[in-house]
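Taken in sequence, the protein lines are chains A and B.
The first sequence begins at 464 in the working numbering and counts up one residue at a time.
The second sequence begins at 16 in the working numbering and counts up one residue at a time.
Glycine included, C-beta positions come from ideal geometry on N, C-alpha and C.
Note that the structure is a prediction, hence the values are computed from the model and not measured.
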Amino acid sequence: MASSSELNRLTIAEASDRLRRREISAVELTRACLDRIAAVDSRLNAFITVTEKEALEQARAADHRLSSGQAPALCGIPLGIKDIYCTSGVRTTCASKILETFVPPFDATTIAKLRAEGAVFVGKTNMDEFAMGSSTENSAFGPTMNPHDLTRVAGGSSGGSAAAVAADECLASLGTDTGGSIREPASFCGVVGIKPTYSRVSRYGVIAYASSLDQVGPFAKTVRDAAILLRALAGADPRDSTCSARPVPDYERALTAEVKGLRIGVPREYFVEGMQPEVESSVRAALKQYESMGAKTVEISLPHSSYAIACYYIVATAEASANLARYDGVRYGLRAAAEDNIELNEKTREQGFGAEVKRRIMLGTFALSAGYYDAYYLKAMKVRTLIRRDFEQAFQKCDVIVTPVAPTTAFRLGEKMSDPLTMYLSDIFTISVNLAGLPGLAMPCGYDGNNLPIGMQIIGPQFSEDAILRAGDAFERSGAVTLRRPAL
Amino acid sequence: MSHDAYEAVIGLEVHTHLLTRSKLFCGCSTEFGRGPNENVCPVCMGMPGVLPVLNRHAVELAVRTGIAANCEIAPRSIFDRKSYFYPDLPKNYQISQYETPICKGGYIELPGDGAARRVRLVRIHIEEDAGKNIHEANSSLVDFNRSGVPLVEIVSEPDIRSAEEAGAYLRELRDILRYIGASDGRMEEGSFRCDVNVSVRKKGASEYGVKTEIKNLNSFRFVEKAIEHEVARQIEVLESGGKVAQETHLWDPDREETRPMRSKEFANDYRYFPEPDLPPLVVPPEMIDAIRSSMPELPAARRARYARDYGLSAYEVGVLTAEKDTADYFEAVLPGLKNARTAANWVMTEVLRVSNESGKPIAQAAPPASEVRALLKMVEDQQISLNAAKTAFAAMCKSGKSADATVAELGLAQVSDEGAIAAACDKVIAAEAGKVAEYRGGRDKLFGFFVGQVMKAMGGKANPKVINEILKKKLAG
Ligand SMILES: [Zn+2]
Chain A
464 MASSSELNRL
474 TIAEASDRLR
484 RREISAVELT
494 RACLDRIAAV
504 DSRLNAFITV
514 TEKEALEQAR
524 AADHRLSSGQ
534 APALCGIPLG
544 IKDIYCTSGV
554 RTTCASKILE
564 TFVPPFDATT
574 IAKLRAEGAV
584 FVGKTNMDEF
594 AMGSSTENSA
604 FGPTMNPHDL
614 TRVAGGSSGG
624 SAAAVAADEC
634 LASLGTDTGG
644 SIREPASFCG
654 VVGIKPTYSR
664 VSRYGVIAYA
674 SSLDQVGPFA
684 KTVRDAAILL
694 RALAGADPRD
704 STCSARPVPD
714 YERALTAEVK
724 GLRIGVPREY
734 FVEGMQPEVE
744 SSVRAALKQY
754 ESMGAKTVEI
764 SLPHSSYAIA
774 CYYIVATAEA
784 SANLARYDGV
794 RYGLRAAAED
804 NIELNEKTRE
814 QGFGAEVKRR
824 IMLGTFALSA
834 GYYDAYYLKA
844 MKVRTLIRRD
854 FEQAFQKCDV
864 IVTPVAPTTA
874 FRLGEKMSDP
884 LTMYLSDIFT
894 ISVNLAGLPG
904 LAMPCGYDGN
914 NLPIGMQIIG
924 PQFSEDAILR
934 AGDAFERSGA
944 VTLRRPAL
Chain B
16 MSHDAYEAVI
26 GLEVHTHLLT
36 RSKLFCGCST
46 EFGRGPNENV
56 CPVCMGMPGV
66 LPVLNRHAVE
76 LAVRTGIAAN
86 CEIAPRSIFD
96 RKSYFYPDLP
106 KNYQISQYET
116 PICKGGYIEL
126 PGDGAARRVR
136 LVRIHIEEDA
146 GKNIHEANSS
156 LVDFNRSGVP
166 LVEIVSEPDI
176 RSAEEAGAYL
186 RELRDILRYI
196 GASDGRMEEG
206 SFRCDVNVSV
216 RKKGASEYGV
226 KTEIKNLNSF
236 RFVEKAIEHE
246 VARQIEVLES
256 GGKVAQETHL
266 WDPDREETRP
276 MRSKEFANDY
286 RYFPEPDLPP
296 LVVPPEMIDA
306 IRSSMPELPA
316 ARRARYARDY
326 GLSAYEVGVL
336 TAEKDTADYF
346 EAVLPGLKNA
356 RTAANWVMTE
366 VLRVSNESGK
376 PIAQAAPPAS
386 EVRALLKMVE
396 DQQISLNAAK
406 TAFAAMCKSG
416 KSADATVAEL
426 GLAQVSDEGA
436 IAAACDKVIA
446 AEAGKVAEYR
456 GGRDKLFGFF
466 VGQVMKAMGG
476 KANPKVINEI
486 LKKKLAG
């Protein structure tokens, strides 16, 4: 049994069980997480805002519900929330200077759902500004360090949420994934992360980067915890017309560990020259493990994969250029001193946005401009259809697809900041999944020579979250990989 | 004058608010006249993370508008983002429809004598309105109450050839929108606005001239004035050997002239692209059928029917059908009356007068149509005089009492009892022996005097027709 100072190391499943049996209280559990944050976060910078007072209040309310004997699964569970989710009364910065003082008057739908479950929010986690980045270095509040090696990045854009879970600052957390922003940091930090099918989870109140690609999802220490959290997040929302009304399966109950006969597709385009050899060997070893458990592997092809990054950077930036137009200094957030409305706009945005955000707004504005729309945006939409079809055809031969999450393990801070194009390649294996709107799970499958976690990605057809969680859980339970706690 | 050698080519873009209770993409009220920023929420304020949810009623009203304007209704259309920076536009993009509007084609038939004039439409699409900037001495304020209010934009082909015709088109369009309940058509409240595209060309030319756009027109009179002014200006430019510049003008209502906008005020590349936050708008055939079958009679059809069935003049038809309320009221008065004109005259004079004087709609200002019908029936049956009916009507407007009760209470019923009238006649003849002798001697003109005396004796309530008959007989001796 973990000592009270180690309560923060529990999984959701374990903590929920012990809370229910009143062996521990939500306040003790929350206190343990807050203490851990106080002890290590100055080195990690995983949190932009720590909401100690609110968290303890929520914990007390959770204890009250728990003692009444009727508490939902997440009651009393301390979570970290990416600072892209609007949280009523708690500042929501999106890691941008332009929203440094923004306090939303409303909750995102997912936040409201978790609140209703009695979850505890310990704070708002760091990220790349407006979710634009793959390393959490593009944050107006400084980068997040990787708990496994403080000289390396945590991945991005949801780097704070991944690092916070890896460092046991909270039991689980929420991220968002537009091109890999959950899966890549999960991989770099050695935790589980799932990007659900586009439309599976409401986006209402989640600050938009690229609306047709953004999707909400959890980080957790185990696949089971991810399933428990996703079950609470998913489902129809009258405030989000793109959100699916399909019933939500019980993802936890789907975890049968049964993979006999599962057909695993292995795309030849995803094992490319130049990738870190340990990443390839680790994923190949995981595939062997699956075969030993009765699954079959089949080689498949996703022929349009090489166009994914180009396609993504047109679609995503085009949408972003409109989504970020609202930050003009008129109604909320930063307001620069100015003589007239045009100057107000220009100065506020000049001072408020970081370099990468400006770069992407300009890219997107260009792609949509008169005379260029057909050559860029329209063509990108056609490529997107081809990428979606690639997956549809592949899923006629297999049930899930297994790939590496990223070509390398966590890189060094500053290593790729001067070269955006190299940085963009970090998402080469994750971006297609967003373009096709599919669910993708990232989970640890090994470590490299520097003790850095290696991530495996399991991709499924639309709305097959239960299947990819089952496959991930089976691998996790096989014991093929022993997880290493970061030595902080 | 060389002006006669030119013709104007005019196309209109009308923006009109749809009469929904809530806004296009959020639940906020659309009520006009509330305090600044009272009808707002995170969605229509463009807060970070918010998403639009389409108001189905707005879609129904847009389809209704399309059907009334003879358009083709698109079974599937999409919303687009139209990007431009302006402080009253909270997201700095407007959700509109660009390549696939909900209604395509169609036409409006202009009223008038002779062959019907058709103005063809290009399209009708749905979009959201912006807020309103309020400029003060040292600052500007923004009221977002109007932000997100549903609009349709109705775009005509350049089929209009004069300011007068533009006015006729706008009035007809407004009447149609009011008839179908899509819009209140109030230009002065900004719920019905018009942009004008004008060019001129030599008569008989097949090419269009260079056009200018005039914005900021918020009354029918201004639209007509602005077109007249702009047509004259363009002809002058051409006649003096110049070229018309393609530019946008603002109408200055104080100086009654147009002036070009600064290029910064309108030079925009709107960067349209499909709105990713809204699924395609699907209008199922059953919805179109249901709306089609619930369409009221439109103004043109009603005008034709009134002229044909009631023999009313074009002027009378115009007055009665200008507002759907008036026409509906008129038709509710009609049943059981012998003469439609009686009802028509009554509605045009008495009913519209009380409505205008009180500034209230007919339903509130005038008694129920059934009571007016009862009153007019009494006139037709000679139970009361026309003057008595007017007195009764005025009283009914105030008291809300029935026609029967009012006529009885005010003692307005005419006496047609021949015995009583004959007795009164006898009295007058006895009292006025001298005049009777004169009359019998040939002074026919005195007949009116006797009628007056009898009426006076009867307290003004006798049926004049009966008095006439009886007096004639008795005086004939
Ligand atoms: Zn609203």
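Contact set between the region 729 to 762 of chain A and chain B, restricted to residues whose Cβ is under 9 Å from the partner: none
Endpoints, alpha helix (DSSP H) assigned at residue 804/A: Looking up residue 804/A in the first sequence gives position 341. Residues 804 to 815.
Under 9 Å Cβ-Cβ, which residues of chain B neighbour residue 774/A? Taking the first residue of the first sequence as 1, we reach residue 774/A at position 311. The premise fails here: residue 774/A is roughly 15 Å from chain B at the closest Cβ pair, so nothing lies under 9 Å.
Just curious, the alpha helix (DSSP H) that residue 622/A is in, first and last residue? In the first sequence, counting from the first residue as 1, residue 622/A sits at position 159. From DSSP, the alpha helix (DSSP H) with residue 622/A extends over 622 to 629.
With three or more C-beta pairs closer than 8 Å as the rule, is the region 685 to 705 of chain A touching the region 725 to 744 of chain A? no
Take residue 182/B and list the residues in its own chain whose beta-carbon comes closer than 7 Å to its own, dropping the five residues that flank it on each side. For the purposes of this step, residue 182/B is identified with residue 167 of the second sequence, where counting begins at 1. Excluding residues within five positions, the ones whose Cβ falls inside 7 Å are 235, 238, 239.
Where do the N-terminal and C-terminal ends of the beta strand (DSSP E) with residue 49/B fall, by residue? Your numbering for residue 49/B matches position 34 in the second sequence. The continuous stretches of beta strand (DSSP E) do not include residue 49/B, and DSSP gives it neither H nor E.
What three-state label does DSSP hand residue 482/A in the structure shown? Counting from one through the first sequence, the residue named residue 482/A turns up at place 19. Looking at residue 482/A - three-state DSSP - the assignment turns out to be helix.
Our contact map puts residue 117/B next to residue 77/B with C-beta atoms below 8 Å; I'd like the distance itself, whole angstroms only. Residue 117/B sits at position 102 when you count from the first residue of the second sequence. Residue 77/B sits at position 62 when you count from the first residue of the second sequence. That pair is a contact at about 5 Å.
Does residue 287/B pass the burial test, meaning 16 or more other C-beta atoms within 10 Å, or should it be called exposed? Taking the first residue of the second sequence as position 1, residue 287/B is located at position 272. The residue is buried, with at least 16 neighbouring Cβ atoms inside 10 Å.
Segments of 3+ residues assigned as beta strand (DSSP E) that fall wholly inside the region 95 to 150 of chain B: 95 to 98, 108 to 111, 122 to 125, 132 to 143, 147 to 150
Mind the definition here: the region 360 to 378 of chain B touches the region 317 to 329 of chain B only if three or more C-beta pairs lie below 8 Å; say whether that holds. no
Going by the beta-carbon positions, is the gap between residue 105/B and residue 793/A smaller than 9 Å? As a first step, residue 105/B must be located in the second sequence, where it is residue number 90. As a first step, residue 793/A must be located in the first sequence, where it is residue number 330. Going by C-beta atoms, residue 105/B is nearer than 9 Å to residue 793/A.
Unbroken alpha helix (DSSP H) run spanning residue 207/B, endpoints: Along the second sequence, one-based indexing puts residue 207/B at 192. First-last for residue 207/B: 207 to 217, but that is the beta strand (DSSP E), not the alpha helix (DSSP H).
With DSSP run on the structure shown, which of helix, strand or coil describes residue 588/A? In the first sequence, counting from the first residue as 1, residue 588/A sits at position 125. It is a strand residue.
May I ask you to check if the CB of residue 38/B is nearer than 8 Å to at least one heavy atom of ligand 1? Sequence index remark: in the second sequence, residue 38/B carries index 23 (1-based). Yes - ligand 1 has a heavy atom lying nearer than 8 Å to the Cβ of residue 38/B.
Three CB pairs or more closer than 8 Å across the region 910 to 919 of chain A and the region 669 to 678 of chain A: no
Backbone CA spacing between residue 225/B and residue 20/B [nearest angstrom]: By 1-based counting over the second sequence, the position of residue 225/B is 210. By 1-based counting over the second sequence, the position of residue 20/B is 5. Those two C-alpha atoms are separated by around 17 Å.
Less than 9 Å between CB atoms is the rule here; does residue 511/A satisfy it with respect to chain B? Taking the first sequence and counting its residues from 1, one reaches residue 511/A at position 48. Output row for residue 511/A: interface = no.
DSSP has residue 25/B in a bridge; who is on the other side? Residue 25/B sits at position 10 when you count from the first residue of the second sequence. By DSSP's assignment, residue 25/B forms a beta bridge with 175/B, 213/B.
Buried or exposed, going by whether 16 or more other CB atoms sit within 10 Å of the CB of residue 18/B? Here residue 18/B refers to the residue found at position 3 when the second sequence is read from its first residue. Burial call: exposed.
Contact set for residue 778/A: own chain, Cβ-Cβ below 8 Å, skip 5 residues either direction: Counted from its first residue, the first sequence places residue 778/A at position 315. Around residue 778/A: 673, 675, 676, 840, 843, 844, 847, 898.
Proximity test, Cβ basis, 9 Å: residue 218/B and chain A: By 1-based counting over the second sequence, the position of residue 218/B is 203. For residue 218/B, no CB of chain A lies under 9 Å from its own CB, so it is not counted at the interface with that chain.
For residue 691/A and residue 50/B, the rounded distance between their alpha carbons: Working through the second sequence from its first residue, we reach residue 50/B at position 35. Working through the first sequence from its first residue, we reach residue 691/A at position 228. Taking the straight line joining both Cα atoms gives about 46 Å.
What's the C-alpha gap between residue 950/A and residue 494/A? Taking the first residue of the first sequence as 1, we reach residue 950/A at position 487. Taking the first residue of the first sequence as 1, we reach residue 494/A at position 31. Roughly 21 Å separates the two Cα atoms.
If you measure from the beta carbon of residue 65/B to each beta carbon in chain A, is any gap under 9 Å? The sequence position of residue 65/B within the second sequence is 50, counting from 1. So, interface residue.
Nearest-angstrom Cα distance between residue 551/A and residue 569/A? As a position in the first sequence, residue 551/A is number 88, starting the count at 1. As a position in the first sequence, residue 569/A is number 106, starting the count at 1. For residue 551/A and residue 569/A, the distance between alpha carbons rounds to 4 Å.
Tell me the rounded alpha-carbon separation between residue 273/B and residue 362/B. Locating residue 273/B in the second sequence gives position 258, where the first residue counts as 1. Locating residue 362/B in the second sequence gives position 347, where the first residue counts as 1. Between residue 273/B and residue 362/B, the C-alpha separation is close to 41 Å.
Buried or exposed (CB count within 10 angstroms, at least 16 for buried), residue 221/B: Translated into positions along the second sequence, residue 221/B becomes position 206. Answer is exposed; the Cβ neighbour count stays below 16.
Interface partners of residue 569/A on chain B, CB under 7 Å: In the first sequence, the residue the question calls residue 569/A occupies position 106. Result: 57.
Verify the contact flag: residue 668/A, CB atom, against every heavy atom of ligand 1, threshold strictly below 8 Å. Indexing the first sequence from 1 puts residue 668/A at position 205. Checking the Cβ of residue 668/A against ligand 1 gives no.
Tell me whether the region 703 to 723 of chain A and the region 659 to 668 of chain A touch, counting them as touching only if at least three CB pairs, one residue from each stretch, are closer than 8 Å. yes
Is there at least one non-hydrogen atom of ligand 1 closer than 8 Å to the beta-carbon of residue 212/B? Position 197 of the second sequence, counting from 1, holds the residue named residue 212/B. Not under cutoff, so the answer is no.
Cβ neighbours of residue 73/B in the same chain (closer than 8 Å, five flanking residues each side left out): Against the second sequence, residue 73/B aligns to sequence position 58. Around residue 73/B: 33, 35, 39, 141, 165.
Use the C-beta contact count for residue 150/B: other C-beta atoms within 10 angstroms, 16 or more gives buried, fewer gives exposed. For this step, residue 150/B is matched to residue 135 along the second sequence. By the 10 Å Cβ count, residue 150/B comes out exposed.
Extent of the continuous alpha helix (DSSP H) run through residue 418/B: Locating residue 418/B in the second sequence gives position 403, counting from the first residue. 418 to 424 is the span of the alpha helix (DSSP H), which, as asked, contains residue 418/B.
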